[in-house]
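J.:
Number of protein chains: 2
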Amino acid sequence: MTVTLADVAARAQVSPATVSRVLNGNYPVAATTRERVLRAVDELDYVLNGPASALAAATSDLVGILVNDIADPFFGIMAGAIQSEIGGPGGRAGGERLAVVCNTGGSPERELTYLTLLQRQRAAAVVLTGGAVEDAPHAAAVAAKLRKLADAGTRVVLCGRPPAPETDAVALTFDNRGGGKELTEHLIGLGHRRLGYIAGPEERTTTRHRLEGHRAALAAAGIEEDPRWTVHGRYDRRAGYEATLELLRRDPTLTAVVAANDSVALGACAALRESGLRIPEDVSVAGFDDLPFSIDAVPSLTTVRLPLAEAGARAGRIAMGREEPPPGGIATVRGELMVRGSSGVPRG
Amino acid sequence: MTVTLADVAARAQVSPATVSRVLNGNYPVAATTRERVLRAVDELDYVLNGPASALAAATSDLVGILVNDIADPFFGIMAGAIQSEIGGPGGRAGGERLAVVCNTGGSPERELTYLTLLQRQRAAAVVLTGGAVEDAPHAAAVAAKLRKLADAGTRVVLCGRPPAPETDAVALTFDNRGGGKELTEHLIGLGHRRLGYIAGPEERTTTRHRLEGHRAALAAAGIEEDPRWTVHGRYDRRAGYEATLELLRRDPTLTAVVAANDSVALGACAALRESGLRIPEDVSVAGFDDLPFSIDAVPSLTTVRLPLAEAGARAGRIAMGREEPPPGGIATVRGELMVRGSSGVPRG
DNA sequence: AGCAACGCAGCAAGCGCTTTCTATACAGTC
DNA sequence: GACTGTATAGAAAGCGCTTGCTGCGTTGCT
Numbered sequence: 030m031t032v033t034l035a036d037v038a039a040r041a042q043v044s045p046a047t048v049s050r051v052l053n054g055n056y057p058v059a060a061t062t063r064e065r066v067l068r069a070v071d072e073l074d075y076v077l078n079g080p081a082s083a084l085a086a087a088t089s090d091l092v093g094i095l096v097n098d099i100a101d102p103f104f105g106i107m108a109g110a111i112q113s114e115i116g117g118p119g120g121r122a123g124g125e126r127l128a129v130v131c132n133t134g135g136s137p138e139r140e141l142t143y144l145t146l147l148q149r150q151r152a153a154a155v156v157l158t159g160g161a162v163e164d165a166p167h168a169a170a171v172a173a174k175l176r177k178l179a180d181a182g183t184r185v186v187l188c189g190r191p192p193a194p195e196t197d198a199v200a201l202t203f204d205n206r207g208g209g210k211e212l213t214e215h216l217i218g219l220g221h222r223r224l225g226y227i228a229g230p231e232e233r234t235t236t237r238h239r240l241e242g243h244r245a246a247l248a249a250a251g252i253e254e255d256p257r258w259t260v261h262g263r264y265d266r267r268a269g270y271e272a273t274l275e276l277l278r279r280d281p282t283l284t285a286v287v288a289a290n291d292s293v294a295l296g297a298c299a300a301l302r303e304s305g306l307r308i309p310e311d312v313s314v315a316g317f318d319d320l321p322f323s324i325d326a327v328p329s330l331t332t333v334r335l336p337l338a339e340a341g342a343r344a345g346r347i348a349m350g351r352e353e354p355p356p357g358g359i360a361t362v363r364g365e366l367m368v369r370g371s372s373g374v375p376r377g
Numbered sequence: 030m031t032v033t034l035a036d037v038a039a040r041a042q043v044s045p046a047t048v049s050r051v052l053n054g055n056y057p058v059a060a061t062t063r064e065r066v067l068r069a070v071d072e073l074d075y076v077l078n079g080p081a082s083a084l085a086a087a088t089s090d091l092v093g094i095l096v097n098d099i100a101d102p103f104f105g106i107m108a109g110a111i112q113s114e115i116g117g118p119g120g121r122a123g124g125e126r127l128a129v130v131c132n133t134g135g136s137p138e139r140e141l142t143y144l145t146l147l148q149r150q151r152a153a154a155v156v157l158t159g160g161a162v163e164d165a166p167h168a169a170a171v172a173a174k175l176r177k178l179a180d181a182g183t184r185v186v187l188c189g190r191p192p193a194p195e196t197d198a199v200a201l202t203f204d205n206r207g208g209g210k211e212l213t214e215h216l217i218g219l220g221h222r223r224l225g226y227i228a229g230p231e232e233r234t235t236t237r238h239r240l241e242g243h244r245a246a247l248a249a250a251g252i253e254e255d256p257r258w259t260v261h262g263r264y265d266r267r268a269g270y271e272a273t274l275e276l277l278r279r280d281p282t283l284t285a286v287v288a289a290n291d292s293v294a295l296g297a298c299a300a301l302r303e304s305g306l307r308i309p310e311d312v313s314v315a316g317f318d319d320l321p322f323s324i325d326a327v328p329s330l331t332t333v334r335l336p337l338a339e340a341g342a343r344a345g346r347i348a349m350g351r352e353e354p355p356p357g358g359i360a361t362v363r364g365e366l367m368v369r370g371s372s373g374v375p376r377g
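Residue numbers (the working numbering), protein chains in the order written: chain A, 30 to 377; chain B, 30 to 377.
1) I need the straight-line Cα distance from ALA376 (chain B) to PHE322 (chain A), nearest angstrom please.
2) Would you mind reading off the limits of the beta strand (DSSP E) that contains ARG6 (chain A)?
3) Does the Cβ-Cβ distance between PHE389 (chain A) and ASP265 (chain A) come in under 7 Å?
4) Check for me: the alpha helix (DSSP H) holding GLU211 (chain A) runs from which residue to which?
5) What number of angstroms, rounded off, separates the C-alpha of ALA35 (chain B) from the C-alpha of ASP291 (chain A)?
6) Straight-line CA distance for ARG267 (chain B) to VAL129 (chain A)?
7) So the beta strand (DSSP E) GLY109 (chain B) belongs to, where does it begin and stop?
8) For THR284 (chain B), name the three-state secondary structure that DSSP assigns.
9) State buried or exposed for TYR226 (chain A), treating a residue as buried only when at least 16 other CB atoms are found within 10 Å of its CB.
10) From this set, A:ASP90, A:VAL155, A:ILE111, A:GLY105, which residue's C-alpha is nearest ARG149 (chain B)'s C-alpha?
11) If I'm right that ARG63 (chain A) touches VAL51 (chain A) with Cβ under 8 Å, what's the distance once you round it to whole angstroms?
12) Could you give the DSSP three-state label for GLU241 (chain B): helix, strand or coil?
13) What do you get for PRO166 (chain B), buried or exposed, if any count of 16 or more other CB atoms within 10 angstroms of its CB means buried?
14) With contact counted as at least three CB pairs below 8 Å, one residue from each stretch, are the stretch 130-146 of chain B and the stretch 65-79 of chain B in contact?
15) Count the other CB atoms within 10 Å of the CB of ARG68 (chain B); is the residue buried (16 or more) or exposed (fewer)?
16) What are the boundary residues of the alpha helix (DSSP H) that includes THR145 (chain B)?
17) If you pair each beta-carbon of the stretch 345-359 of chain A with each one of the stretch 185-202 of chain A, do three or more pairs fall below 8 Å?
18) Run the CB neighbour count on GLY46 (chain A), radius 10 Å, all protein chains shown included, and call it buried at 16 or more, exposed below.
19) Would you call ARG239 (chain A) buried or exposed, if buried means 16 or more other Cβ atoms sit within 10 Å of its Cβ?
20) Could you tell me if GLY305 (chain B) is buried or exposed, where buried requires 16 or more neighbouring beta carbons within 10 angstroms of its beta carbon?
21) What are the boundary residues of the alpha helix (DSSP H) that includes ARG63 (chain A)?
22) Less than 7 Å separating the beta-carbons of VAL171 (chain B) and LEU178 (chain B)?
23) What residue from A:THR183, A:ALA100, A:ARG206, A:ASN205 has the CA that sits closest to ASP197 (chain A)'s CA?
24) Quick check on ASN97 (chain B) - is its C-beta less than 7 Å from some C-beta in chain A?
25) Per DSSP, GLY225 (chain B) forms a beta bridge with which residues?
26) Are the Cβ atoms of ALA348 (chain B) and VAL156 (chain B) separated by less than 7 Å?
27) Measuring only between beta-carbons, confirm whether PHE322 (chain A) sits less than 7 Å from chain B.
28) If you check the beta carbons only, do TYR270 (chain B) and ALA299 (chain B) fall under 7 Å apart?
29) Would you please state the rounded distance, in angstroms, between the beta carbons of ALA161 (chain A) and PRO191 (chain A)? I believe it to be under 8 Å.
30) ARG50 (chain B) by DSSP, collapsed to three states: which one?
31) Contact criterion: CB-CB distance below 7 Å. Does ALA81 (chain B) meet it with respect to chain A?
32) If you drop the 5 nearest sequence neighbours on each side, which residues of the same chain put their C-beta closer than 7 Å to that of ALA406 (chain B)?
33) Is any beta-carbon of chain B found at less than 7 Å from that of ARG77 (chain A)?
34) Would LEU295 (chain A) count as contacting chain B if we go by Cβ distances under 7 Å?
35) Once you ignore the five residues that flank LEU175 (chain A) on each side, which residues in its own chain have a CB closer than 7 Å to its CB?
36) Have a look at B:PRO57, B:GLY105, B:THR282 and flag the residue whose alpha-carbon is nearest the alpha-carbon of HIS378 (chain B).
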């Protein structure tokens, strides 16, 4: 039925071992033999049996990329960059690896299950992207899994995710705290004193870090924060829309709204506009991430640019062992404040 | 080093065969024995060896999803929906399958390579999303691959992609032609007579179909199209921006710009605005797809909504054999015209 | 010319699992 | 009490590939 190595060997009049060596190219094979084998492979339209090969060699060419939300360009951009470095088809690398992205949907259980599935497949490497959930038991479970993966020879790297303690996974962390601080400092510098903050889901590290940065900036400026100024929600436009309405209800005198990310900011803009408020004349808005669409918002969004593609590419190279991990296994990737039209001097 | 089935068997004082049967649950095993085995699995923290299992059983639990651009929500939304139905961790389905998305970047070679890689892994199913490239040799190569995959027992389904002739792959096709026609009819109905069209890459089926719909509408209204009114570019905002500038240069009297998709439309809006033109007073703009951000554009985008998530979910179910394929293996999924603020009556 | 060294190919032993077939044990039946 | 039937567990034969080791023919050296 299906063509096997042995069939190719028979056709090329060599032993299976030789065919295997030609295919893997890590053993000297005479040029003429090689050619004969290659011809046979071609003629028989042979396709290597991945599982068999993985079993015998005790390694596979699978590389997993875990993302929280595949429909979100934040992850898509990172995943694409990682994948392009992993090799995969068309990547810069030589060997053909199957770089696959797994969508956890932000669910801790799915994250764990995917890790198990990848462990089961004896993945060559795993890259986890985006913020982690701040649940101690879950964090411990993930750490344990990562340790086990590493033990089994799987390279683990975290991209845009805080380091995992008790683990020697390489981590490329975004400086969410610093970015958040800078962003709010910018608004304060413009004269804002009453700033609403639309945070992400409570339990995520990213949420907490950005919020901490925001608060640090307020504190540094001697602004006392009103608890009513912070609303939590999901990382999407809808949440931004609703949260903004809520903020406006709580305190109509706010002059700025800082959003957890750009999508949320877009929702905030919509809500403000529908409430008859001009941006930035009446209320300034700021986002985070600088996704491609942010510059097209009207007015264009003041935000913090995260080098998603660069970080992803680097993570990919590290996962492939083509770049040295940063000293200590941890690197912080900084964002860059992008001041655009959505932020301005407050009225009055 | 690593725990194997035999280790578990030894610990549970049963044969490896029994352990395998407990794990696969398709053979009667006494409750007490089962429990003993399960306990051993737990105690040893055993993880099945995927490749070995795939080799022995001649099937794997991998399901591949091919997308053209993982950073584009158009694909992200579909992929997410497919994945959630595939089962994967947390999906509705029972068995745990590893649903993985592969990013072809729109490159025909990568598409082929990924298919080979999936074939090599003996994937259980493969879903190809998005438009295909209209290159005869490549189409033939893909068709051949798909046939081979199907022969090997892999279920193949196309989602948002035209049917593959000479293949019995199930196809859920978007009615790009109909949507394009309806969109342009809407603009014509508003009084537009000079409409620019920013098309996608020339060689893509999606591009051609949408453009055909546009032209059909023009023809039906007796509007003779000026070749200068069509510009081709990539499916991103940048292309939309540049193409719009080009269109304006070629014919400053255009009263409407129809874009290949929403991202392109966003770029078009930016270019128009920078050229001092108001939307829709001076120029109307229309997109396609109705991605989440489209409603947030200012003015919000008139576009054609494609039921991406629904189609993806259906494709996923079909791929898993949990839903009957449509009669004839081909179904057309229609879009819905969303009239919003970016289109209006032309000036004058 | 003689011996070591080398290059290249084959043998064969697994890799860890699934599954067919067989064996055992018990319960039910006449 | 011998016999058949049913339920459950085990033995063993691979699945298709990789790789350490062996073997042989040839080249290089003295």
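C-beta: ideal position from N, C-alpha, C; glycine also. Values in this document were obtained by computation on a predicted structure and should not be read as measured data.
T.: To lay it out plainly:
1) The sequence given here has Arg at residue 376 (chain B), not Ala. Distance between ARG376 (chain B) and PHE322 (chain A), taken at the CA atoms: about 28 Å.
2) Outside the modelled stretch of chain A, which goes from 30 to 377, sits residue 6 (chain A), for which no answer is possible.
3) In this structure chain A extends from 30 to 377, so residue 389 (chain A) is not present and cannot be described.
4) For GLU211 (chain A), the uninterrupted alpha helix (DSSP H) run begins and ends at 205-219, by DSSP.
5) Rounded to whole angstroms, ALA35 (chain B) to ASP291 (chain A) spans 52 Å at the Cα level.
6) Between the alpha carbons of ARG267 (chain B) and VAL129 (chain A) lies a distance of about 28 Å.
7) Per DSSP, GLY109 (chain B) is not a residue of any beta strand (DSSP E); the alpha helix (DSSP H) it occupies stretches across 102-115.
8) Secondary structure of THR284 (chain B) (DSSP, three-state): coil.
9) Looking at its Cβ environment, which holds 16 or more other Cβ atoms inside 10 Å, TYR226 (chain A) is buried.
10) Answer by Cα proximity: A:ASP90.
11) The Cβ separation is near 5 Å, so the contact holds.
12) Looking at GLU241 (chain B) - three-state DSSP - the assignment turns out to be helix.
13) Answer is exposed; the Cβ neighbour count stays below 16.
14) The stretch 130-146 of chain B is not in contact with the stretch 65-79 of chain B.
15) With a 10 Å radius around the Cβ and a threshold of 16 neighbouring Cβ atoms, ARG68 (chain B) comes out exposed.
16) Residues 137-149.
17) Pairwise C-beta distances place the stretch 345-359 of chain A in contact with the stretch 185-202 of chain A, as three or more of them are shorter than 8 Å.
18) A small correction: the amino acid at residue 46 (chain A) is Ala; Gly does not occupy that position in the sequence shown. It counts as exposed.
19) Buried is the label assigned to ARG239 (chain A), since at least 16 other Cβ atoms lie within 10 Å of its Cβ.
20) Exposed, because fewer than 16 other Cβ atoms sit within 10 Å of the Cβ of GLY305 (chain B).
21) That run of the alpha helix (DSSP H) goes 60-73.
22) Between VAL171 (chain B) and LEU178 (chain B), the gap from beta carbon to beta carbon reaches 7 Å or more.
23) Measuring from the Cα of ASP197 (chain A), the nearest candidate turns out to be A:THR183.
24) Using beta-carbon distances, ASN97 (chain B) does not count as an interface residue toward chain A, since no partner is under 7 Å.
25) Under DSSP, GLY225 (chain B) shares a beta bridge with B:VAL286.
26) Yes, they are a contact pair.
27) So, interface residue.
28) Taking 7 Å as the Cβ cut-off, TYR270 (chain B) and ALA299 (chain B) qualify as a contacting pair.
29) Indeed they touch by this definition, with Cβ atoms about 6 Å apart.
30) In the displayed model, ARG50 (chain B) falls within a helix according to three-state DSSP.
31) Interface flag for ALA81 (chain B) against chain A is set, since a Cβ pair is found closer than 7 Å.
32) As displayed, chain B neither begins before 30 nor continues past 377, which places residue 406 (chain B) out of reach and without an answer.
33) According to the sequence provided, residue 77 (chain A) is Leu. The question's Arg does not apply to it. Cβ-Cβ to chain B under 7 Å: yes for LEU77 (chain A).
34) Judged by the 7 Å Cβ criterion, LEU295 (chain A) is in contact with chain B.
35) Beyond the five residues adjoining it in sequence on each side, LEU175 (chain A) comes within less than 7 Å, by CB distance, of VAL185, ALA193, THR196, ALA198 in the same chain, given in chain order.
36) Because chain B here runs from 30 to 377, residue 378 (chain B) falls outside it and cannot be looked at.
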